[in-house]
Amino acid sequence: MSDQRLCILSSARAQASEKAALLRARFGDYGPADCDVIVAVGGDGFMLETLRAYMKAGKPVYGVNCGTVGFLMNAPDIDRLPERIADAEKAVIHPLSMKATDDAGNKHFALAINEVSLFRQTRQSARVRISVNDKVRMDSLTCDGVLLSTPAGSTAYNLSAHGPILPIGADLLALTPISAFRPRRWKGALLSHDAIVRFEALSSDIRPVSAVADNLEVRNAVSVEARENRDISMTLLFDRGQSLDERILREQFDY
Numbered sequence: 004m005s006d007q008r009l010c011i012l013s014s015a016r017a018q019a020s021e022k023a024a025l026l027r028a029r030f031g032d033y034g035p036a037d038c039d040v041i042v043a044v045g046g047d048g049f050m051l052e053t054l055r056a057y058m059k060a061g062k063p064v065y066g067v068n069c070g071t072v073g074f075l076m077n078a079p080d081i082d083r084l085p086e087r088i089a090d091a092e093k094a095v096i097h098p099l100s101m102k103a104t105d106d107a108g109n110k111h112f113a114l115a116i117n118e119v120s121l122f123r124q125t126r127q128s129a130r131v132r133i134s135v136n137d138k139v140r141m142d143s144l145t146c147d148g149v150l151l152s153t154p155a156g157s158t159a160y161n162l163s164a165h166g167p168i169l170p171i172g173a174d175l176l177a178l179t180p181i182s183a184f185r186p187r188r189w190k191g192a193l194l195s196h197d198a199i200v201r202f203e204a205l206s207s208d209i210r211p212v213s214a215v216a217d218n219l220e221v222r223n224a225v226s227v228e229a230r231e232n233r234d235i236s237m238t239l240l241f242d243r244g245q246s247l248d249e250r251i252l253r254e255q256f257d258y
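The sequence shown maps to residues 4 to 258 in the numbering used here.
What follows is the structure, encoded as structure tokens:
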């Protein structure tokens with residue numbers, strides 16, 4: 004159908020704002036509560052912002068790329084936009100829930116679309132104990148950090164840290180070290196999507212650690228629990244032949 008009600012959102016970048024204005028003038032604009040589809044105009048960062056802001060709205064999101072990489076976006080050509088959206092391929096993703104406790108005992112809760120990460124805060128390496136489903140799997144990992152990634156996030160920071168690329172429909176999470184020092188040869192693990200992963204910062208008084216859910220940071224974290232949240236589903240729309248599955252497959256063959 005081509006009579007969908009669109010909600011046009013854009014990042015603050017001039018190019019994105021100008022393109023969004025053209026889209027509103029040409030196709031109309033409805034509020035997030037009244038629309039059929041949310042159109043996010045910007046880059047991958049803005050797409051993540053949009054998904055976080057409206058993840059509970061139940062509206063599919065179609066990205067128009069005005070950024071650099073645009074892995075989660077579609078081509079910036081705005082011709083036949085309603086028809087392209089109507090014919091789009093869907094990708095359903097779920098966020099991670101993070102529960103972090105800091106050194107003052109405060110609890111912090113956040114959702115992450117890409118990954119939950121732990122990072123060293125100082126020149127001292129981090130030392131982290133890792134448990135999966137209440138069983139210690141690594142008593143001490145000495146590293147710059149460690150992350151737990153969703154399939155959607157596996158081509159982002161996880162890939163840069165040499166983690167595995169996961170098909171979007173895989174019922175898996177990627178657990179990936181960041182610059183591991185001991186054990187030096189540990190490359191990470193693939194976990195079931197329903198795994199509950201707990202990180203504990205060891206010697207956190209002299210080796211402080213930050214916990215990050217996408218871009219939300221908790222300083223001086225002493226323990227972090229992360230798990231997939233299937234109570235929340237988000238639908239991304241991609242032009243026919245350019246599905247997220249296809250993009251992830253291309254990444255694995257590096258072209």
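The beta carbon of each residue, even a glycine, is placed where N, CA and C say it ideally should be.
| Asked | Found |
| --- | --- |
| Mind checking whether V42 and V72 have CB atoms under 8 Å apart? | no |
| Using a Cβ-Cβ cut-off of 8 Å (strictly less than) and excluding sequence neighbours within five positions of L162, which residues of its own chain qualify? | I168, E254 |
| In angstroms with no decimal places, state the Cα-to-Cα distance between M237 and D174. | 16 Å |
| Between the beta-carbon of A229 and the beta-carbon of S143, is there less than 8 Å? | no |
| Quick one: is R83 buried, meaning 16 or more other Cβ sit within 10 Å of its Cβ, or exposed? | exposed |
| Under the rule that 16 or more other beta-carbon atoms within 10 Å means buried, what is A103, buried or exposed? | buried |
| Taking buried to mean at least 16 other C-beta atoms within 10 Å of its own C-beta, is P35 buried or exposed? | exposed |
| Between the Cα of A198 and the Cα atoms of P85, Y57, I133, which residue gives the shortest distance? | I133 |
| Which whole-angstrom value is the C-beta distance of G148 and S120, which I expect to be below 8 Å? | 6 Å |
| For the candidate residues L247, A78, R16, whose alpha-carbon lies nearest to that of G48? | R16 |
| Return the CA-CA distance between C38 and A204, expressed in angstroms with no decimal places. | 44 Å |
| According to DSSP, V40 sits in a beta bridge with which residue or residues? | L9 |
| Which of the three DSSP states is assigned to M50 in this structure? | helix |
| Is it buried or exposed, T125, if we count other Cβ atoms within 10 angstroms and call 16 or more buried? | exposed |
| Could you tell me how far apart the beta carbons of A224 and A216 are, in whole angstroms, since I believe they sit closer than 8 Å? | With 8 Å as the limit, A224 and A216 do not qualify as a contact, their Cβ atoms being about 11 Å apart. |
| Kindly indicate which three-state DSSP category P180 falls into: helix, strand or coil? | strand |
| Between the alpha carbons of R233 and H97, how many angstroms are there, rounded? | 6 Å |
| Enumerate in chain order the residues of its own chain whose CB-to-CB distance from R87 is below 7 Å, with the five nearest sequence positions on each side excluded. | D242 |
| How would you write the range of the beta strand (DSSP E) that S100 sits in, first residue to last? | 99-105 |
| If we ignore side chains and look at the alpha-carbon of each, how far apart do A56 and E92 end up? | 22 Å |
| Closest by CA to L75, which one among H196, L26, N117, P186? | N117 |
| Along the chain, where does the beta strand (DSSP E) that runs through D142 open and close? | 138-146 |
| Which same chain residues end up closer than 8 Å to S206 when comparing Cβ atoms and leaving out the 5 residues on each side of it in sequence? | R130 |
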